[in-house]
Amino acid sequence: MNGYGETARADKFSSNSYSRRTSPNIQNAGAISFSKVTSCGTATAVSVPCMFSRLSRENYDSRIADSQDNVLDIIHRAGVDVTWIDNNSSCKGVCKRVKTLDFDPSRDPKFCDGDYCYDEVLVDLLRETLSRPSKEHRVIVLHMIGSHGPTYYRRYPEKFAKFVPDCPRSDIQNCEEAELTNTYDNTIAYTDYVLGQIIEQLSTIPNSSMLYLSDHGESLGEKGLYLHGFPYNLAPVEQTHVPMVYWASKFSQPEYSDCVKSLSSHPYSHDNLFDTLLGLTNVQSSTYQPTQDILRKCES
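One gets this note's numbering by counting positions in the sequence shown from 1 and adding 2 to each.
This is the structure in structure tokens:
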């Protein structure tokens, strides 16, 4: 199972040594955070297609990427059941050749307000998907709305307002600094809750795993900057330093979890996703570059 976050900053996760307890669920579940991961872009429209493509950040070209198979296409063609479930703006073309699960935000009052849905809706949709017959191997991609701004306050239910007072407004430059921090941190804490619920479901399934990775980060007033989308070479680290979290049922084997932990402080980027997914799914491909597979050392 792969979860793709939106606008999450690595330095806002307590699993990456943030002073606030924003990610207790993934920590209690034994998931491992990779603390030095950088994004391909500073906006979803670039990062999502880039991270799934064979191209690296340095040579990424959307026209070339669109004309090639992405890693989900390759995994799907190898016989793996691939499903994309979206709670964001779209898959940016990445899922156009694999199965997608559509849902109507206006018909789910439990988690949706008609315009947006809280990411908990993905937990229910994952449960439904896992209950259906499938091939032996499958990949489910959950595209989260995560910390999408500027309306951060709409990304978590009121009962998840852990840090208060928050700032329930979209003109975030007019929020008090502490209130804006509280609001954004609440989105991270809620993402952590959702990831914990996902891991709880997967923990009953043998040989399962979850890889969570955000598309880009966010500026919250540092140096007078807000939101994201700056040219990469000029972008502050807040927009390019992203969280990556990995959990696997194989963590019950101490040698495996210890091996993954030993890699968690190494520098990685979106460039590593393509080969890491091929490795996790055991899909043979001429496009596979083993040196780019983060977990190869531990899987062998």
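Don't be surprised by glycine CBs; every beta carbon is placed ideally from N, CA and C. Please read these numbers as outputs of a predicted model, since none were measured by experiment.
Item	Value
8 Å CB neighbourhood of residue 102 in its chain, flanking five on each side removed	85, 86, 87, 88 and 93
Heavy atom of the ligand PLP within 7 Å of residue 179 beta-carbon	Ligands displayed in this structure: none; no statement on the ligand PLP is therefore possible.
Assigned secondary structure, residue 212 (DSSP; H/G/I helix, E/B strand, else coil)	strand
Residue from 51, 140, 120 and 116 with nearest C-alpha to residue 98	51
Where residue 272 falls, given that 16 or more other Cβ within 10 Å makes a residue buried	buried
Nearest-angstrom beta carbon gap, residue 170 and residue 155 [assumed within contact, 8 Å]	4 Å
Integer-rounded CB distance, given that residue 174 should sit under 8 Å from residue 208	The pair is not a contact, with the Cβ atoms about 44 Å apart (cut-off 8 Å).
Stretch pair the region 255-266 + the region 60-73: three plus CB contacts closer than 8 Å	no
Own chain residues within Cβ distance below 7 Å of residue 164, not counting five before or after	188 and 191
Residue 194: first and last residue of the uninterrupted beta strand (DSSP E) it sits in	Run containing residue 194: none in the beta strand (DSSP E); it sits in the alpha helix (DSSP H), 179-204.
Residue range of the unbroken beta strand (DSSP E) whose run includes residue 245	243-250
Residue from 266, 145, 223 and 123 whose Cα sits closest to the Cα of residue 8	145
Identity of the residues DSSP links to residue 140 by a beta bridge	83
Sub-8 Å separation of residue 21 and residue 29 beta-carbons	no
Residues near residue 140 in its chain [Cβ-Cβ closer than 8 Å; skip 5 each side]	82, 83, 84 and 85
Residue 41 - DSSP class collapsed to helix/strand/coil	coil
Range of the contiguous alpha helix (DSSP H) that encloses residue 258	256-265
The region 266-282 in contact with the region 53-66 per 3-pair CB rule at 8 Å	yes
With 16 other Cβ atoms within 10 Å as the buried cut-off, status of residue 157	buried
Per-residue DSSP class, three states only, for residue 161	helix
Where residue 35 falls: helix, strand or coil (DSSP)	strand
Assigned secondary structure, residue 228 (DSSP; H/G/I helix, E/B strand, else coil)	strand
Among 40, 26 and 41, nearest to residue 34 - alpha-carbon criterion	26
Exposure label - residue 237; buried when at least 16 CB within 10 Å	buried
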